[in-house]
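For the sequence shown, position 411 matches number 411 in the UniProt record's numbering, and the numbering has no gaps at all. Ideal placement from N, C-alpha and C gives every residue a C-beta, glycine not left out.
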Amino acid sequence: MSDSRIVPVVLSGGSGTRLWPVSREKHPKQLQPLLGGESLLQNTLRRLEGLPLGAPIVVSNQEYRFITAEQLRQLGLAHWTLLLEPIGRNTAPALTAAALFATRDGDDPVLLATPADHHVRNVDAFTAAVLHGLPEAERGAVVTFGIVPDRPETGYGYIETRVMQSGIPGDGAGGAAASIELLAFREKPDATIAAEYVAGGRHFWNSGIFMLRASVWLKAIGHFAPEMLAACRAAVESANEDGDFVRLDADAFAASPADSIDYAVMEKLPADRTLDIPGRVVPLDAGWSDVGAWDALWQAIERDADDNAVKGDVWLEDSHGNLVIAEHGLVACIGCEDMVVVETADAVLIAPKSRTQEVKRIVSRLKAAGRSEVDLHRKVHRPWGWYDGIDSGERFQVKRIVVRPGATLSLQMHHHRAEHWVVVRGTAKVTRGDEIILLGENESTYIPLGVKHRLENPGQIPLEIIEVQSGSYLGEDDIVRFEDNYGRKQ
Numbered sequence: 001m002s003d004s005r006i007v008p009v010v011l012s013g014g015s016g017t018r019l020w021p022v023s024r025e026k027h028p029k030q031l032q033p034l035l036g037g038e039s040l041l042q043n044t045l046r047r048l049e050g051l052p053l054g055a056p057i058v059v060s061n062q063e064y065r066f067i068t069a070e071q072l073r074q075l076g077l078a079h080w081t082l083l084l085e086p087i088g089r090n091t092a093p094a095l096t097a098a099a100l101f102a103t104r105d106g107d108d109p110v111l112l113a114t115p116a117d118h119h120v121r122n123v124d125a126f127t128a129a130v131l132h133g134l135p136e137a138e139r140g141a142v143v144t145f146g147i148v149p150d151r152p153e154t155g156y157g158y159i160e161t162r163v164m165q166s167g168i169p170g171d172g173a174g175g176a177a178a179s180i181e182l183l184a185f186r187e188k189p190d191a192t193i194a195a196e197y198v199a200g201g202r203h204f205w206n207s208g209i210f211m212l213r214a215s216v217w218l219k220a221i222g223h224f225a226p227e228m229l230a231a232c233r234a235a236v237e238s239a240n241e242d243g244d245f246v247r248l249d250a251d252a253f254a255a256s257p258a259d260s261i262d263y264a265v266m267e268k269l270p271a272d273r274t275l276d277i278p279g280r281v282v283p284l285d286a287g288w289s290d291v292g293a294w295d296a297l298w299q300a301i302e303r304d305a306d307d308n309a310v311k312g313d314v315w316l317e318d319s320h321g322n323l324v325i326a327e328h329g330l331v332a333c334i335g336c337e338d339m340v341v342v343e344t345a346d347a348v349l350i351a352p353k354s355r356t357q358e359v360k361r362i363v364s365r366l367k368a369a370g371r372s373e374v375d376l377h378r379k380v381h382r383p384w385g386w387y388d389g390i391d392s393g394e395r396f397q398v399k400r401i402v403v404r405p406g407a408t409l410s411l412q413m414h415h416h417r418a419e420h421w422v423v424v425r426g427t428a429k430v431t432r433g434d435e436i437i438l439l440g441e442n443e444s445t446y447i448p449l450g451v452k453h454r455l456e457n458p459g460q461i462p463l464e465i466i467e468v469q470s471g472s473y474l475g476e477d478d479i480v481r482f483e484d485n486y487g488r489k490q
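Right under this line is the structure:
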């Protein structure tokens with residue numbers, strides 16, 4: 001085993017539209033607890049705990065920076081960096097910015113670049129594979145992890161290698177095998193070609209997980225995409241550190257071309273002999289899934305004797321092969337076969353399991369129609385806690401607001417609405433104009449239109465209030481912030 005420390009680079013900027021309505025643009029799938037009590041992002045970092053790790057770098061979109069930071073805090077990590085993209089530019093610029101950040105003090109760590117939204121059932125096998133590939137990454141190779149296919153799959157890209165799988169030494173129990181030479185990356189095939197790939201034994205699914213030294217990635221990206229390297233270098237050099245966040249310079253990062261790791265470098269690397277960067281594949285048989293759509297989630301989680309996978313308050317009668325998720329209420333299915341039913345507080349999806357890749361089409365239509373269900377859940381996370389939009393109508397809106405102990409909302413004012421607050425749990429410290437009021441359970445106050453106000457939780461337990469808004473306009477953009485602990489303008 002090597003003594004080197006691996007710096008994880010967790011790529012957490014995607015939106016996951018094919019897992020709508022659970023995944024939303026401002027609260028995407030990697031931040032959702034799809035496979036248990038913790039989110040996919042948290043699961044990703046948990047599975048790295050058996051490795052010799054340095055402080056992880058999480059690359060995320062600034063739109064969901066606060067909930068990402070809160071989830072990292074919940075893991076109890078000693079140190080971490082949250083690198084914020086001002087605009088999405090795909091995975092190649094994200095990894096480039098992370099590599100530049102990791103080398104800013106002259107270090108050259110081995111980076112383990114992994115998506116935040118994948119699932120690995122056998123963590124021990126994953127750990128063994130990474131440790132197996134680590135010495136080659138230290139010596140300057142690009143190491144990728146090829147998933148041993150168990151079926152002809154048209155939804156994944158493939159990695160072609162020189163050696164047939166049957167000739168690869170391994171532990172025979174879903175563990176790591178010896179690394180082998182990378183020949184080529186192949187695009188998602190049709191069903192006939194996918195069957196040929198699996199039968200031939202030299203192709204693996206492309207996991208999208210890579211391990212290499214930071215300097216090796218920067219050398220490769222400088223060779224294949226010098227304009228991307230230049231833009232990311234400028235974005236890192238002009239980045240601002242803001243509390244938990246490192247904000248990449250917006251103008252510089254926006255100038256970078258948008259491209260994936262595969263397209264920008266990996267597909268070109270095997271054919272280019274001028275760089276002298278070897279490509280190696282470590283086969284991995286560990287129950288991997290990219291959780292890319294609802295049918296993939298059905299395959300990844302435990303199912304009952306009728307092949308149904310359920311989560312929440314679900315009742316089934318004469319139903320087989322279904323994925324049913326109930327987040328908010330009771331869901332009952334009768335005579336359903338190979339269906340996906342997903343219920344949230346504000347949206348329900350029903351689709352044949354075979355057509356779940358098409359969810360992104362209806363999300364595009366909803367987005368074009370300006371529907372808020374594309375962006376946010378009814379329950380919206382904020383740096384101070386969260387709120388849930390319970391009810392609304394003409395000129396009124398009702399919210400349940402929960403404020404973490406010690407947290408403070410901004411000092412703010414609204415032009416078009418007044419607010420009534422009723423404390424149902426905890427203690428509220430309320431600033432209302434020139435007044436400061438302490439409210440306990442079952443006490444209330446009124447915030448007139450146009451009055452500066454602030455809500456704080458000075459207690460040791462969560463503060464829960466019911467807020468009734470009334471006025472001519474109730475949009476979230478009717479807010480003027482005068483002071484904010486989290487640096488928000490709007």
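By the 10 Å Cβ neighbour count, where 16 or more other Cβ atoms means buried, how is residue i classified, buried or exposed?
i: Leu134; result: buried
i: Ala428; result: buried
i: Leu83; result: buried
i: Arg73; result: exposed
i: Val348; result: exposed
i: Leu77; result: exposed
i: Pro8; result: buried
i: His79; result: exposed
i: Gly487; result: exposed
i: Pro28; result: buried
i: Leu330; result: exposed
i: Gln30; result: buried
i: Ser354; result: exposed
i: Trp205; result: buried
i: Pro283; result: buried
i: Gly385; result: buried
i: Leu297; result: buried
i: Trp315; result: exposed
i: Ile334; result: exposed
i: Glu237; result: exposed
i: Gly450; result: exposed
i: Ala176; result: In this prediction, Ala176 scores a pLDDT of 45, lower than 50, which makes its location untrustworthy; no coordinate-derived value is stated.
Could you tell me which residues DSSP pairs with residue i in its beta bridges?
i: Asn206; result: Gly146
i: Thr17; result: Its beta-bridge partners do not exist; DSSP assigns none.
i: Asn61; result: Glu85
i: Thr68; result: Paired residue(s): none; Thr68 is not in a bridge.
i: Ser12; result: Ser60
i: Arg488; result: Looking at the DSSP assignment, Arg488 forms no beta bridge with any residue, so it has no partner.
i: Ile466; result: Arg400 and Val422
i: Tyr158; result: Arg186 and Trp205
i: Glu241; result: Val246
Let me check understanding here. Comparing Cα to Cα, which of the options lies closest to residue i?
i: residue 501; options: Glu181, Ala141 and Phe185; result: Only positions 1 to 490 of the chain appear in this structure, which leaves residue 501 out of reach.
i: Val143; options: Tyr156, Val163, Leu112 and Leu41; result: Leu112
i: Arg162; options: Arg151, Pro152, Ala178 and Gly155; result: Ala178
i: Thr192; options: Glu153, Gly208 and Leu183; result: Glu153
i: His414; options: Glu267, Val480, Ala255 and Ala92; result: Val480
i: Ile221; options: Ala300, Glu467, Gly155 and Pro257; result: Pro257
i: Pro405; options: Gly459, Ala369 and His453; result: Gly459
i: Tyr92; options: Leu438, Ala231, Ile67 and Val123; result: What sits at residue 92 in the sequence shown is Ala, not Tyr. Of the candidates Leu438, Ala231, Ile67 and Val123, the one whose C-alpha sits nearest the C-alpha of Ala92 is Ala231.
i: Met339; options: Ser470, His223, Asp318 and Ala345; result: Asp318
i: Gly16; options: Ala250, Asp124 and Leu41; result: Leu41
i: Leu269; options: Leu182, Ser470, Leu248 and Asp259; result: Leu182
i: Arg303; options: Ile325, Asp375, Asp285 and Ala286; result: Ile325
i: His453; options: Ala305, Gln469, Leu409 and Tyr473; result: Leu409
i: Arg247; options: Glu63, Ile466 and Ala264; result: Glu63
Would you kindly work out how many angstroms separate the C-alpha atoms of residue i and residue j, rounded to a whole number?
i: Gly13; j: Glu394; result: 36 angstroms
i: Pro462; j: Glu25; result: 27 angstroms
i: Phe482; j: Glu138; result: 51 angstroms
i: Asp478; j: His416; result: 7 angstroms
i: Arg89; j: Ala235; result: 13 angstroms
i: Trp294; j: Ser215; result: 37 angstroms
i: Ile436; j: Glu456; result: 11 angstroms
i: Gly321; j: Glu227; result: 49 angstroms
i: Phe210; j: Phe145; result: 7 angstroms
i: Pro56; j: Thr81; result: 6 angstroms
i: Asp171; j: Gly106; result: Confidence at Asp171 is low in this model, with a pLDDT of 41, below 50, so its placement is unreliable and the value that follows should be read with caution. The straight-line gap from Cα to Cα measures roughly 38 angstroms.
i: Arg151; j: His203; result: 12 angstroms
i: Gly475; j: Ser372; result: 11 angstroms
i: Ala98; j: Ala239; result: 12 angstroms
Does any residue of chain C bring its CB to less than 8 angstroms from the CB of residue i?
i: Lys26; result: Protein chains in the displayed structure number just one, and chain C is not present.
Tell me the start and end of each unbroken alpha helix (DSSP H) in the stretch 22–58 that is at least 4 residues and wholly inside, in chain order.
If you keep only unbroken alpha helix (DSSP H) runs of at least 4 residues inside the stretch 22–58, you get 40–46.
Hey, which unbroken runs of the alpha helix (DSSP H) at 4 residues or more fall wholly within the stretch 383–455?
Counting only unbroken stretches of 4 or more residues, no alpha helix (DSSP H) element lies wholly within the stretch 383–455.
With a floor of 4 residues, list each alpha helix (DSSP H) that falls wholly inside the stretch 80–137, ordered by position along the chain.
Runs found: 91–102.
Beta strand (DSSP E) runs wholly inside the stretch 325–390, at least 3 long, in chain order:
331–334, 339–343, 348–352 and 379–382, all fully within the stretch 325–390.
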